[in-house]
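**Student:** The opening residue of the sequence shown carries number 85 in my numbering; numbering runs sequentially from there.
All residues carry an ideal CB built from backbone N, CA and C; glycine is no exception.
These numbers come from a predicted model, not from an experiment.
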Amino acid sequence: KRRVYTLARRVDQLAAVFPFEPAFYAAHGCPVEFVGHPLVDRVHPSRSREETHRRYGLDPACRTITLLPGSRAQEVRYLLDPLLGATELLGSGYQFVLAVASTLNAAELTERVGHRQVRVVQGDTYNLIHASDLALVASGTATLETALLERPMVIVYRMAPLTYVLARLIVRVPFIGM
């Protein structure tokens, strides 16, 4: 909360992107205007759930879970194996799709998926999320995108034990999603 007072002293006008922000900043003396989040206008599927299921050979009668391990190599290095482990725990009755960010090498991730029954798709994230019944999502922008596409999600994040202990001492937020 101390940061808000510093912010109020240093800005002429704050552009708020989330609806809850104007009241918070105004209550702390910060001049604020709600402008909305730029993703709201960008995040939309380009086809129906049914069309996406057909395109990737997904069974419309089977529940679909989309895995979003992040867009940076380090995130994927930490999160992909636990996400793939979740697919094995959940087992049959679900079909899994790994949505690969354009910043990553899909061939490498396909190799890491190995024998598991997980389809690997690059470059169609919004349609894959829209076609899913649930998404397992790395904490970050993808959580907002998944929320805008109105799909339920489990937010995942992993860090080194020491980093976790230090973060718990410093950061006081109840949630990890945007």
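From the DSSP output, in three-state form, read off residue 188 for me.
**Tutor:** Locating residue 188 in the sequence shown gives position 104, where the first residue counts as 1. Residue state, collapsed to three classes: coil.
**Student:** Which residue's Cα is closest to the Cα of residue 88: 236, 174, 108?
**Tutor:** Within the sequence shown, the letter at position 4 stands for residue 88. Ranking the options by Cα distance to residue 88, first place goes to 108.
**Student:** Tell me residue 239's beta-bridge partners as DSSP assigns them.
**Tutor:** As a working mapping, residue 239 is identified with position 155 in the sequence shown. Residue 239 is bridged to 221.
**Student:** What residue range does the beta strand (DSSP E) around residue 152 cover?
**Tutor:** Your numbering for residue 152 matches position 68 in the sequence shown. Residue 152 -> beta strand (DSSP E) spans 147–152.
**Student:** Is there contact here, the stretch 123–142 with the stretch 162–178, by at least three beta-carbon pairs under 8 Å?
**Tutor:** Flag = no, the stretch 123–142 and the stretch 162–178 do not touch.
**Student:** How big is the Cα-Cα spacing for residue 230 and residue 123?
**Tutor:** Taking the first residue of the sequence shown as 1, we reach residue 230 at position 146. Taking the first residue of the sequence shown as 1, we reach residue 123 at position 39. Each residue's alpha carbon lies about 11 Å from the other.
**Student:** By how many angstroms is the C-alpha of residue 117 removed from the C-alpha of residue 51?
**Tutor:** Here the chain has residues from 85 to 262 only, and residue 51 is not among them.
**Student:** Which one or two residues does DSSP pair with residue 201 in a beta bridge?
**Tutor:** Position 117 of the sequence shown, counting from 1, holds the residue named residue 201. DSSP, once it has assigned bridges, lists no residue as partnering residue 201.
**Student:** Mind the definition here: the stretch 217–234 touches the stretch 154–165 only if three or more C-beta pairs lie below 8 Å; say whether that holds.
**Tutor:** Because the criterion of three Cβ pairs below 8 Å is met, the stretch 217–234 and the stretch 154–165 touch.
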